[in-house]
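With our numbering, you'll find the sequence shown wraps up at 681, consecutive numbering, no jumps. Virtual Cβ for every residue (Gly too), placed ideally from N, Cα, C. Please read the structure below before turning to the comments.
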Amino acid sequence: MLDYEPIGSLAGIMRVKDRAVDFGASDMPLKSEELRKLGLVQFPLLIGGIVAVVNLDGVGPGQLQLTGQALADIYLGRVDKWSDPSLKALNPQIALPDARIVVVRRSDGSGTTFNFTDFLSKASPMWKTKVGSDLVVTWPEGTTGAKGNDGVSRTVRQTKNSIGYVEFAHAQQNRLAFARVRNPAGNFITPSPQAFQAAAASADWKAAGDFGLLLTDMPGADAYPIVATVFVLMNKGMSAQRLGAALNFLDWSLTRGGAEAAELGYAPLPPDLVATVKTYWADTLTSPAR
392 MLDYEPIGSL
402 AGIMRVKDRA
412 VDFGASDMPL
422 KSEELRKLGL
432 VQFPLLIGGI
442 VAVVNLDGVG
452 PGQLQLTGQA
462 LADIYLGRVD
472 KWSDPSLKAL
482 NPQIALPDAR
492 IVVVRRSDGS
502 GTTFNFTDFL
512 SKASPMWKTK
522 VGSDLVVTWP
532 EGTTGAKGND
542 GVSRTVRQTK
552 NSIGYVEFAH
562 AQQNRLAFAR
572 VRNPAGNFIT
582 PSPQAFQAAA
592 ASADWKAAGD
602 FGLLLTDMPG
612 ADAYPIVATV
622 FVLMNKGMSA
632 QRLGAALNFL
642 DWSLTRGGAE
652 AAELGYAPLP
662 PDLVATVKTY
672 WADTLTSPAR
């Protein structure tokens with residue numbers, strides 16, 4: 392029986408480290424030296440996207456356009472009204488309200504936060520210097536914290552003129568309006584599994600030790616710029632029975648779970664990466680999946 396707990400990346404990493412679970416998932420990869428020290432293995436399972444969600448009257452999914460710089464300025468408090476000239480210049484097709492922006496962010500340790508703040512750090516030197524990127528950061532004053540993707544989704548849904556960031560799947564499930572975000576090629580991209588796959592297409596997974604690769608601001612005309620990999624963390628010292636059961640489930644997820652993943656708003660791994668993951672299992676674990 393599989394028992395799944397959506398507790399966030401930081402808590403998931405801690406549970407795996409404490410040997411409290413057979414495997415866990417995180418949107419932040421651990422470094423190779425930490426994996427070796429803890430006796431863990433790490434590999435990708437899915438590709439997902441992080442979206443800026445808003446609650447603005449008359450604004451639907453994919454209508455608002457934002458850049459990484461604009462998002463950083465909003466979360467820094469440098470842009471605090473929807474009628475700011477910089478936002479109006481990006482959105483001449485929308486009548487943005489003359490209202491203060493309610494900024495919502497995660498209050499718990501989160502891989503979503505890690506990848507979102509990594510994107511902001513690449514877009515804004517000020518963000519990189521003042522805040523940086525991590526599972527937990529010291530947020531600028533004036534932001535509203537909420538626990539988990541569910542908490543951020545609920546807060547944005549209940550708060551007029553708000554903005555937050557969540558996994559794309561949660562935006563879909565909660566029917567939240569999400570923004571199109573400009574990528575390095577200069578195109579405003581609507582988040583979708585296809586746009587997430589486009590970001591992952593140019594990734595050199597074999598060159599990254601233990602798959603420790605970030606997918607924010609990847610090249611490609613159609614690549615969505617805030618993409619995150621769901622990594623699985625497993626203990627090397629599991630019993631053969633427990634390891635076999637875990638790998639059988641993960642093997643099914645990689646080889647036959649693509650349709651289900653797409654329905655939930657995620658992109659499956661490309662076939663060549665699936666093959667690389669299975670080779671990694673054989674090289675690092677005592678009992679590869681059948």
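Please state whether the Cβ-Cβ distance between residue i and residue j is less than 9 Å.
i	j	result
A480	I554	no
T504	R491	no
I441	I617	yes
N446	A568	yes
L606	L634	no
G611	A576	yes
L457	V572	yes
N482	L455	yes
Have a look at residue i and residue j and give me their C-alpha separation to the nearest angstrom.
i	j	result
A666	K472	48 Å
D674	A637	17 Å
N578	A560	22 Å
V432	V668	11 Å
P452	T581	9 Å
D418	D509	12 Å
Y671	G533	45 Å
S477	Q460	10 Å
R681	Q564	For R681, the pLDDT reaches just 41, beneath the cut-off of 50, and the residue's location in the model is therefore unreliable, although a value from the coordinates is still provided. Rounded to the nearest angstrom, the two C-alpha atoms are 34 Å apart.
P531	F434	33 Å
V623	L604	13 Å
L421	Q484	42 Å
K627	W596	21 Å
A658	A594	14 Å
D489	M517	26 Å
G656	S644	15 Å
R427	V543	34 Å
E651	K538	26 Å
P661	N574	22 Å
S501	Y556	11 Å
L664	D448	42 Å
With distance defined between alpha-carbon atoms, name the residue in the options nearest to residue i.
i	options	result
T535	K669, I465 and G600	I465
F414	K669, L641 and G453	L641
V621	R566, F587 and K627	F587
A590	F507, D613 and P420	D613
D608	N506, M625 and T550	N506
L487	V493, V494, D475 and S498	D475
G468	V493, F602 and N482	V493
K551	E558, K521 and V450	V450
D541	A619, N639 and S498	S498
S515	T646, A463 and D663	A463
A598	A416, S423 and T520	S423
D601	P584, M625, S583 and A592	M625
Under 8 Å: does the beta carbon of residue i sit that close to some heavy atom of the ligand HEM?
i	result
Q456	Ligands displayed in this structure: none; no statement on the ligand HEM is therefore possible.
So who's on the other strand from residue i, going by DSSP bridges?
i	result
I554	V445 and V494
Q456	R571
I580	V572
T607	I617
K472	R491
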